Amino acid sequence: MHVILIPGFWLDGDSWAPITRALRDAGHTAHPLTLPGLRRRDTHRAEVTLADHVAAVVAVVDALTHVEADGSENGDEKEEPTPRIALVAHSGGGPIAHAVADARPTCLARIVHVDTVPLPNGMPINTELPTVNGEIPLPDWSVFDDEDLVDLTDELREWFREIAIPQPALIASTPQSLSTPARFSVPATVICCEFEADQVREWMSKGAPFATELAQLTDLELVDLPTGHWPQFTKPAELADAIITALHRA
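As numbered in this note's numbering, the sequence shown has no gaps in its residue numbers, which increase by one up to the final residue, 278.
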């Protein structure tokens with residue numbers, strides 16, 4: 029399985045390192061992405077858009093789709109190959125993954141949302157984060173809820189701040205753009221960390237606006253992994269196991 033790893037805010041592809049190793053050890057081909065504007069030398073982050081991030085992931089999906097198609101040729105042109113591409117997305121990467129499902133619904137075997145949910149059309153990812161000159165630096169820890177910071181030790185917080193890269197502000201503030209009903213047919217797993225699976229079910233049953241996409245997915249799995257908002261840092265082994273288990277269902 030080709031597994032495309034989409035980081036959340038302030039992080040690049042290296043932030044997935046323990047998960048990437050575990051996926052490869054399990055026989056998967058991992059593709060940890062660093063999205064536009066999140067390279068350390070990038071100087072024009074304020075110009076990077078949500079569409080740029082979605083397009084960057086779509087480009088990787090398209091490239092891997094061609095690889096899969098070439099590798100599956102067996103003389104029977106009528107047979108549709110089973111998708112062998114999955115997305116794993118953390119935090120702000122979740123809405124990006126969902127937009128990729130909107131653009132390429134037939135190419136994906138599963139999306140694994142890590143402490144995030146797919147947002148509906150017209151909803152931005154987060155308009156409350158402090159912005160400076162078109163960028164969002166990693167805020168002071170006081171900005172985050174206590175649930176976000178569970179298991180994030182002082183050492184991890186110091187390390188996180190050292191590796192954090194300012195997030196292009198337009199990624200957070202631009203409304204989600206979706207139009208393809210087939211996105212609801214892409215199987216999805218939500219790994220629940222700072223919130224519990226039962227909370228997600230309650231959000232869906234009560235019609236919470238940010239959970240309306242979840243409620244329409246035809247194949248949805250909810251998995252509890254109690255920790256804070258960055259399980260790739262606080263519980264990497266457990267997160268890797270949860271992701272690999274979800275991929276087995278693809």
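Note that CB positions come from ideal geometry on N, CA and C, so glycine has one too.
These numbers were taken from a predicted model, which means no experiment stands behind them.
Determine the closest residue to residue i out of the options, with distance taken between C-alpha atoms.
i, options, result
"Ala117", "His276, His257, Trp187 and Ala91", "His257"
"Arg211", "Val76, Cys135, Ala54 and Ile34", "Cys135"
"Val214", "Ile139, Val76, Leu206 and Asp70", "Ile139"
"Glu241", "Asp252, Arg229 and Ile271", "Arg229"
"Pro146", "Ser205, Met29 and Thr262", "Ser205"
"Ile153", "Leu78, Val88 and Pro209", "Leu78"
"Ile32", "Ala50, Val85, Gly122 and Pro64", "Val85"
"Ala197", "Ser170, Thr159 and Thr181", "Thr159"
"Ile164", "Ala54, Ala192 and Arg185", "Ala192"
"Ser185", "Pro259, Ile34 and Gly55", "Before going on, a small fix: residue 185 reads as Arg here, not Ser. If we check each option's Cα against that of Arg185, Pro259 comes out closest."
"Val89", "Pro133, Ile47 and Arg68", "Pro133"
"Leu166", "Arg189, Leu250, Arg73 and Pro148", "Arg189"
"Pro203", "Phe223, Asn149 and Ala278", "Asn149"
"Pro111", "Gly120, Phe238 and Ala137", "Ala137"
"Ile47", "Asp168, Ile124 and Thr273", "Thr273"
"Thr262", "Trp187, Ile34 and His94", "Trp187"
"Leu61", "Asn161, Thr181, Leu275 and Ser43", "Ser43"
"Ala74", "Ile219, Asp179, Pro194 and Asp247", "Pro194"
"Leu63", "Glu266, Val82, Ala91 and His94", "Val82"
Going by the DSSP bridge assignment, what does residue i pair with across the sheet?
i, result
"His59", "Ile32"
"Ala192", "DSSP lists no partner for Ala192."
"Ile164", "Gln195"
Hey, could you find the ends of the beta strand (DSSP E) residue i is sitting in?
i, result
"Ile139", "Arg138 to Val142"
"Ile113", "Ile113 to His118"
"Val251", "Leu248 to Asp252"
Mapping the DSSP letters down to three states, classify residue i as helix, strand or coil.
i, result
"Ala216", "strand"
"Glu75", "helix"
"Glu186", "helix"
"Asp70", "coil"
"Thr92", "At residue 92 the sequence reads Leu, which differs from the Thr that was named. The answer is helix: DSSP assigns Leu92 an H, G or I state."
"Glu222", "coil"
"Pro146", "coil"
"Leu157", "coil"
"Lys106", "With a pLDDT of only 46 at Lys106, under the threshold of 50, the placement of this residue in the model should not be trusted; the figure read from the coordinates follows. DSSP places Lys106 in coil when its eight states are reduced to three."
"Ala45", "helix"
"Leu206", "coil"
"Thr256", "According to the sequence shown, residue 256 is Gly rather than Thr. Reduced to three states, the DSSP call for Gly256 is coil."
"Met232", "helix"
"Thr134", "helix"
"Asp53", "helix"
"Phe261", "helix"
"Val171", "helix"
"Leu177", "helix"
"Asp40", "coil"
"Pro237", "helix"
Which residues bound the alpha helix (DSSP H) around residue i?
i, result
"Asp269", "Pro264 to His276"
"Asp130", "Gly121 to Ala131"
"Ala243", "Thr240 to Gln244"
The ligand HEM and residue i: does any heavy atom of the ligand fall closer than 6 Å to the residue's C-beta?
i, result
"Arg73", "The model depicted lacks the ligand HEM and carries no ligand whatsoever."
How do the stretch 245-255 and the stretch 112-132 stand: do at least 3 beta-carbon pairs fall below 8 Å, yes or no?
no
Does the stretch 172-191 come close enough to the stretch 82-98 that 3 or more CB-CB pairs lie under 8 Å?
no
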